[in-house]
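Novice: Supplied in structure tokens, the structure appears directly below.
Number of protein chains: 2
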Amino acid sequence: MYRLSTSFPYLLNRVGVRMGELFARRIASFGVTLPMYRVMAALWESGDQRLSDLSTVTTTEISTLSRLIGEMKRKGLVTRSRLADNGRTVAINLTAKGKSLVEELMPIAIHFEEVAISNFSASDIARLKVVFQDIYDSLGTIEPEIAATKASAKSNAKSKRKITPSRPRPKPRTKDT
Amino acid sequence: MYRLSTSFPYLLNRVGVRMGELFARRIASFGVTLPMYRVMAALWESGDQRLSDLSTVTTTEISTLSRLIGEMKRKGLVTRSRLADNGRTVAINLTAKGKSLVEELMPIAIHFEEVAISNFSASDIARLKVVFQDIYDSLGTIEPEIAATKASAKSNAKSKRKITPSRPRPKPRTKDT
DNA sequence: GACAAATAGTTGCGTTTGCAAATATTGTAA
DNA sequence: TTACAATATTTGCAAACGCAACTATTTGTC
Numbered sequence: 002m003y004r005l006s007t008s009f010p011y012l013l014n015r016v017g018v019r020m021g022e023l024f025a026r027r028i029a030s031f032g033v034t035l036p037m038y039r040v041m042a043a044l045w046e047s048g049d050q051r052l053s054d055l056s057t058v059t060t061t062e063i064s065t066l067s068r069l070i071g072e073m074k075r076k077g078l079v080t081r082s083r084l085a086d087n088g089r090t091v092a093i094n095l096t097a098k099g100k101s102l103v104e105e106l107m108p109i110a111i112h113f114e115e116v117a118i119s120n121f122s123a124s125d126i127a128r129l130k131v132v133f134q135d136i137y138d139s140l141g142t143i144e145p146e147i148a149a150t151k152a153s154a155k156s157n158a159k160s161k162r163k164i165t166p167s168r169p170r171p172k173p174r175t176k177d178t
Numbered sequence: 002m003y004r005l006s007t008s009f010p011y012l013l014n015r016v017g018v019r020m021g022e023l024f025a026r027r028i029a030s031f032g033v034t035l036p037m038y039r040v041m042a043a044l045w046e047s048g049d050q051r052l053s054d055l056s057t058v059t060t061t062e063i064s065t066l067s068r069l070i071g072e073m074k075r076k077g078l079v080t081r082s083r084l085a086d087n088g089r090t091v092a093i094n095l096t097a098k099g100k101s102l103v104e105e106l107m108p109i110a111i112h113f114e115e116v117a118i119s120n121f122s123a124s125d126i127a128r129l130k131v132v133f134q135d136i137y138d139s140l141g142t143i144e145p146e147i148a149a150t151k152a153s154a155k156s157n158a159k160s161k162r163k164i165t166p167s168r169p170r171p172k173p174r175t176k177d178t
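Read top to bottom, the protein sequences are chains A and B. Here my numbering is used: the first residue of the first sequence is 2, the next is one more, and so on. Here my numbering is used: the first residue of the second sequence is 2, the next is one more, and so on.
As structure tokens, this is what we get:
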């Protein structure tokens, strides 16, 4: 018999979300949100990434990320520059300020990790990490039309969104980079 | 050396969030969001719950839940009634409509669960569920002042929120139940 | 080369969410 | 019984988010 409270997706999602929340609260006093931390940590790990790469790594919507990078740039944490050889894409990098900030936060992240895994053996944790990666990868096989972000919207017959078909909008100016 | 992309919290959060997103898209065509599904599934499992109980089970903020229950009541999915012996608390229950809807969705949830766990043995999964529960419980030991939702706000010295100290507000009327 | 399709990122807009204040009810102590 | 603290829920407000439309650039294709 099915029970929400013992189902695998529920238990997994719950602990993941809760862990994110607690960490987010912990770093809030640094003026950093969880998505910001992820961006900085991803850039620290391997800098010079495109927006769409960061979107994949941080599992953040690309539109959300675009605004987030704008805010982080205003804060002086990252740079954003158009590539010379491809004017569509944009390269994001850590500034010195961003680097020193993320290096301040990483010990906190490590502390969270230690607490979370403290009840388990090193080999268990190593195996768990593989499990998480495998499950993440296998999620793509759940009905591809759902997994592919774009397609699902079309098949959603009951969308409550009211679309204004072609109202003229003020021309947006790309103001920096 | 620390790396975001191999850290336990990152991998765990990522697969949990992604799984929730995919399921949410799948059930969107039923007009149901993930928090709504959780509420209905929790009530199906054991009905007649208070708002704060539901908040715990569904890991949804109580304020968010209050509004959500209001919406679900408008949709005819749940009932909300003040208890006779304690006028502060409300009891939430599934309506027949809500019950039949969640029973329509549960096979989809089961399908998701099967795909997610398909690469692993039954005993692995059983152990994983225990691990998730254990980790979730142990999260409370990470700096209690963070884990306790209320207290953290007070200790957050750099809150950017601008608080209007005592601007008069229109008196809200509790309109139903 | 001209033009359609594809790719990358940005922005408008409505919805959801989190926090803190407000409200309502109950418990407790003088 | 009055007053004050505690508990449970609701609401105002602003920030964050998701989707789709839009702009800008590059890549075919004829």
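Don't be surprised by glycine CBs; every beta carbon is placed ideally from N, CA and C. Keep in mind the model is a prediction, meaning the values are calculated, not measured.
Starting from residue 180 of chain B, find everything on chain A with Cβ-Cβ shorter than 7 Å and list it in chain order.
Specialist: The question about residue 180 of chain B has no answer, for chain B in this structure spans 2 to 178.
Novice: Looking at the structure shown, is residue 56 of chain A part of a helix, part of a strand, or coil, going by DSSP?
Specialist: Residue 56 of chain A: helix per DSSP, three-state reduction.
Novice: Can you check the segment 97 to 153 of chain A for any alpha helix (DSSP H) of at least 4 residues that lies completely inside it and give the ranges in chain order?
Specialist: The segment 97 to 153 of chain A contains these whole alpha helix (DSSP H) runs: 97 to 118, 123 to 139, 145 to 148.
Novice: Within the continuous alpha helix (DSSP H) that includes residue 5 of chain A, where are the two ends?
Specialist: Where residue 5 of chain A is concerned, there is no enclosing alpha helix (DSSP H), given that its DSSP letter is neither H nor E.
Novice: For residue 34 of chain A, return the contacting residues in chain B, with the cut-off set at a CB-CB distance below 9 Å.
Specialist: Within chain B, no residue comes near residue 34 of chain A; the closest Cβ sits about 11 Å away, beyond 9 Å.
Novice: Please report whether the beta-carbon of residue 14 of chain A lies at a distance below 8 Å from any beta-carbon of chain B.
Specialist: It does; some Cβ of chain B falls within 8 Å.
Novice: Keeping to the same chain, check which residues put their C-beta closer than 6 Å to that of residue 50 of chain A; ignore five residues upstream and five downstream.
Specialist: Only 93 meet the Cβ criterion.
Novice: Measuring alpha carbon to alpha carbon, tell me which residue in B/128, B/13, B/52 is nearest residue 71 of chain B.
Specialist: Cα-wise, what sits closest to residue 71 of chain B is B/52.
Novice: Terminal residues of the continuous beta strand (DSSP E) containing residue 80 of chain A?
Specialist: Its beta strand (DSSP E) spans residues 79 to 83.
Novice: Here's a check: name, in chain order, each residue in its chain whose Cβ is nearer than 6 Å to the Cβ of residue 4 of chain B, leaving out the five neighbours to either side.
Specialist: Result list for residue 4 of chain B: empty, nothing under 6 Å.
Novice: Does the distance from the C-beta atom of residue 116 of chain A to that of residue 139 of chain B stay below 8 Å?
Specialist: Cβ distance < 8 Å, so residue 116 of chain A and residue 139 of chain B count as in contact.
Novice: Nearest-angstrom Cα distance between residue 25 of chain A and residue 55 of chain A?
Specialist: Between residue 25 of chain A and residue 55 of chain A, the C-alpha separation is close to 19 Å.
Novice: Does the beta-carbon of residue 59 of chain B have 16 or more other beta-carbons within 10 angstroms, so that it is buried, or is it exposed?
Specialist: Buried, because 16 or more other Cβ atoms sit within 10 Å of the Cβ of residue 59 of chain B.
Novice: Going by DSSP, what residues sit across from residue 91 of chain B in a beta bridge?
Specialist: According to DSSP, residue 91 of chain B bridges with B/83.
Novice: Give a yes or no on whether the C-beta atoms belonging to residue 16 of chain A and residue 13 of chain B are separated by under 8 Å.
Specialist: Yes, they are a contact pair.
Novice: With C-beta atoms as the reference, is residue 99 of chain A less than 8 Å away from residue 78 of chain A?
Specialist: In this structure, residue 78 of chain A lies closer than 8 Å to residue 99 of chain A by Cβ.
Novice: Which word fits residue 110 of chain A, buried or exposed, when buried means at least 16 other C-beta atoms lie within 10 angstroms of its C-beta?
Specialist: With 16 or more other Cβ atoms within 10 Å, it is buried.
Novice: What does a CB cutoff of less than 6 Å around residue 11 of chain A pick up in its chain, not counting 5 residues either side in sequence?
Specialist: Closer than 6 Å at the Cβ level, and outside the excluded window around residue 11 of chain A, lie 5.
Novice: Anything in chain B within Cβ reach of residue 20 of chain A, meaning under 7 Å, just list it in chain order.
Specialist: Those are 10, 13, 14, 140, listed as they occur along chain B.
Novice: Mind checking if residue 76 of chain B is an interface residue toward chain A, Cβ cutoff 8 Å exclusive?
Specialist: Taking Cβ atoms only, chain A never reaches closer than 8 Å to residue 76 of chain B, which makes this a no.
Novice: Residue 106 of chain A touches chain B at which residues, Cβ-Cβ below 7 Å?
Specialist: Simply none; closest approach about 10 Å.
Novice: Please look up how many angstroms separate the CB atoms of residue 95 of chain A and residue 48 of chain A, rounded, as I've assumed it's under 8 Å.
Specialist: Yes, they are in contact, since the Cβ atoms of residue 95 of chain A and residue 48 of chain A sit about 6 Å apart, within 8 Å.
Novice: Output the distance between the C-alpha atoms of residue 30 of chain A and residue 106 of chain A, rounded to the nearest integer angstrom.
Specialist: Going by the C-alpha atoms only, they are around 11 Å apart.
Novice: Checking contacts by CB at 8 Å: is residue 43 of chain B closer than that to chain A?
Specialist: True, the Cβ-Cβ gap to chain A drops below 8 Å.
Novice: Can the beta-carbon of residue 37 of chain B be found less than 8 Å from the beta-carbon of residue 2 of chain B?
Specialist: No. Outside cutoff.
Novice: Quick check on residue 143 of chain B: buried or exposed, where buried means 16 or more other Cβ atoms within 10 Å of its Cβ?
Specialist: Buried, since its Cβ has 16 or more Cβ neighbours within 10 Å.
Novice: Residue 40 of chain A lies in the alpha helix (DSSP H); which residues open and close that run?
Specialist: From DSSP, the alpha helix (DSSP H) with residue 40 of chain A extends over 35 to 46.
Novice: Rounded to whole angstroms, what's the CA-CA distance from residue 63 of chain A to residue 20 of chain B? Just pull it up for me.
Specialist: Each residue's alpha carbon lies about 18 Å from the other.
Novice: By the criterion of Cβ-Cβ separation under 8 Å, what are the contact partners of residue 126 of chain A in chain B?
Specialist: Under the 8 Å cutoff, chain B gives 9.
Novice: Please report how far the alpha carbon of residue 45 of chain A lies from the alpha carbon of residue 108 of chain A, in whole angstroms.
Specialist: In a straight line, the C-alpha of residue 45 of chain A is about 14 Å away from that of residue 108 of chain A.
Novice: Using a Cβ-Cβ cut-off of 7 Å (strictly less than) and excluding sequence neighbours within five positions of residue 126 of chain A, which residues of its own chain qualify?
Specialist: Here the set comprises 118.
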